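Report on the structure given below.
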Amino acid sequence: MAAPQCKYDDHDFPTTAPEAQPGHPGHTTPEQDAKVEQLRAELEQLGYTERLDTLTLLRFLRARKFDVAASKTMFVDCEKWRKDFGTDELVRTFDYTEKPQVFQYYPQYYHKTDKDGRPVYIEKLGKIDLTAMYKITTAERMLQNLVTEYEKLADPRLPACSRKAGKLMETCCTIMDLKGVGITSVPSVYGYLKQASAISQNYYPERLGKLYLINAPWGFSSVFSVVKGFLDPVTVNKIHVLGSNYKKELLAQVPVENLPVEFGGTCQCSGGCELSDMGPWQEDEWSTTPKWAVPKEEQKSEEAVEKEVEAAEAAQPTA
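full-length UniProt numbering applies: residue 1 is where the sequence shown begins, and numbers increase by one.
Here it is in structure tokens:
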């Protein structure tokens with residue numbers, strides 16, 4: 001059952017999740033719909049007017065097992081962080097000019113889609129060399145880039161993928177290449193990854209669809225089996241730990257033509273897959289201008305125009 005539409009639900013892409021999972025858009029119970037309304041009402045009382053659409057609120061509710069109070073706390077904390085970090089302005093103005101140089105030491109990029117229609121996100125953790133990177137960039141700019149890419153994932157990447165797939169895409173298929181990573185890596189690398197992971201979990205909940213850890217070093221599976229005990233079973237089912245013989249399983253999820261050659265696919269983007277940002281979000285048929293790129297004044301004028309059109313249509317005499 002779909003939650004009732006509200007003034008915040010002005011999406012121009014499919015909003016029904018492809019799988020009938022409890023608590024996902026288009027597959028909610030009356031009780032879950034009521035919790036969406038309750039959370040929205042309580043947030044409105046606190047003065048919030050943005051990001052109150054049903055899709056967003058459902059993500060926060062799922063992240064806290066539909067505990068409205070806990071979801072509310074998570075949302076409020078997220079909004080405070082967004083304000084402190086300057087997220088809304090950052091996504092409009094951030095220019096990662098050093099990206100080609102940084103990617104020599106830490107490639108992390110979105111590239112095409114998996115067989116379900118999700119964006120594919122790739123990181124090569126084994127190439128991380130923070131000492132070399134900090135001669136090119138700073139930890140602050142790396143996190144700013146991470147946040148900017150998360151914002152672009154929300155819009156335009158996922159909406160474009162949803163339009164092309166004809167169903168709602170809310171998550172990514174992530175590939176983390178562990179080739180070259182030792183069980184005991186430099187603590188500073190873990191320090192950055194811990195910060196990046198905290199941003200993902202706390203402020204961009206429910207964005208992981210599948211995670212493939214490939215080229216896992218000897219002993220990693222044993223370590224991960226211990227970690228699994230602390231993770232939510234839903235999360236555990238999304239994670240696949242694979243050694244060097246990963247290609248068959250990975251290609252079962254990602255079309256061979258969408259996977260870069262170095263991972264066993266056939267894709268060779270001009271200028272390199274790492275910097276191409278290829279995907280439905282680059283295709284005119286599926287992409288639209290992201291909302292964050294449209295000045296608020298123009299957004300309001302568009303809404304005003306829509307209301308005028310609706311009023312005019314309502315005033316026309318029926319045949």
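Just so you know, even glycine gets a beta-carbon here, dropped at the ideal spot from N, CA and C.
All values derive from a computational prediction rather than experimental measurement.
On the premise that P25 lies in contact with L168, defined as a C-beta separation below 8 Å, what is that separation, rounded to the nearest angstrom?
6 Å
Assign Q108 to one of three DSSP states: helix, strand, or coil.
For Q108, the secondary structure class from DSSP, reduced to helix, strand or coil, is strand.
Roughly how many angstroms lie between the CA atoms of V254 and A154, to the nearest whole one?
Whole-angstrom Cα-Cα distance: 21 Å.
Flag this pair as touching only if the stretch 271-291 and the stretch 111-124 have three or more C-beta atom pairs under 8 Å; answer yes or no.
yes
Are the Cβ atoms of G243 and L251 separated by less than 8 Å?
no
Between Y204 and Y150, how many whole angstroms is the CB-CB distance? I'm expecting something under 8 Å.
5 Å
Between the alpha carbons of R59 and D77, how many angstroms are there, rounded?
15 Å
Quick check on DSSP: helix, strand or coil for L172?
Correcting the residue identity first, residue 172 is Cys in this sequence and not Leu. Residue state, collapsed to three classes: strand.
Report the residue ranges of all alpha helix (DSSP H) runs contained in full by the stretch 129-183; include only those spanning at least 4 residues, in chain order.
130-133, 139-152, 158-165
Tell me which same chain residues have a C-beta within less than 8 Å of the C-beta of D10, skipping the five on either side of it?
D53
Output needed for L43: all residues of its chain with C-beta closer than 7 Å, excluding positions within five of it in sequence on either side, in chain order.
Exclusion of the five residues before and after L43 leaves L52, K72, F75 as the residues of its chain whose Cβ lies within less than 7 Å of its Cβ.
For E283 and G219, what's the separation of their Cα atoms in angstroms?
42 Å
From W81, G23, L46, pick the residue whose C-alpha is nearest to that of L57; which is it?
G23
Report buried or exposed for Y121, applying the criterion of at least 16 other Cβ atoms within 10 angstroms of its Cβ.
buried
If distances are taken between C-alpha atoms only, which option among R92, I128, D84, R163 comes closest to P119?
When only C-alpha atoms are compared, the closest one is R163.
Check this for me: beta carbons of L208 and K238, under 8 Å apart or not?
yes
Have a look at the DSSP bridge pairing and note the partners of K124.
Here K124 is bridged, per DSSP, to D177.
Judging by CA-CA distance, which residue of C161, F13, P260, K152 is the nearest neighbour of W292?
Cα-wise, what sits closest to W292 is K152.
Alpha carbon to alpha carbon, how far is W81 from E89? Give it in angstroms, no decimals.
13 Å
Can you check which of these residues, C6, F13, T16, L46, is closest to V36 by C-alpha distance?
C6
According to DSSP, simplified to helix, strand and coil, what is C6?
coil
CB A70 to CB R62, shorter than 8 Å?
no
Could you say which of C161, M142, D84 lies nearest to T15 if we only look at CA atoms?
C161
So, with DSSP's three-state summary, where would you put G219?
If DSSP states are grouped into helix, strand and coil, G219 belongs with coil.
For Y192, which of helix, strand or coil comes out of DSSP?
In the structure shown, Y192 sits in a helix (DSSP, three-state: H, G or I).
What are the boundary residues of the beta strand (DSSP E) that includes L213?
208-214
Go through its chain and collect everything with a Cβ distance to S221's Cβ below 7 Å, but skip five positions before and after it.
V241
Which class does C269 belong to by DSSP, given the choice of helix, strand or coil?
DSSP places C269 in coil when its eight states are reduced to three.
If you measure between the beta carbons of residue 352 and Y106, is that distance less than 8 Å?
The displayed coordinates of the chain run from 1 to 319. Any statement about residue 352 would go beyond what the structure contains.
For R141 and V102, what's the separation of their Cα atoms in angstroms?
11 Å
So I214 and L178 are in contact, right, with Cβ under 8 Å, and what is the actual spacing, rounded?
7 Å
For T113, does the three-state DSSP call read helix, strand or coil?
strand
Counting along the chain, where does the alpha helix (DSSP H) carrying V236 start and finish?
233-236
Closest by CA to Q38, which one among H27, P159, D67?
D67
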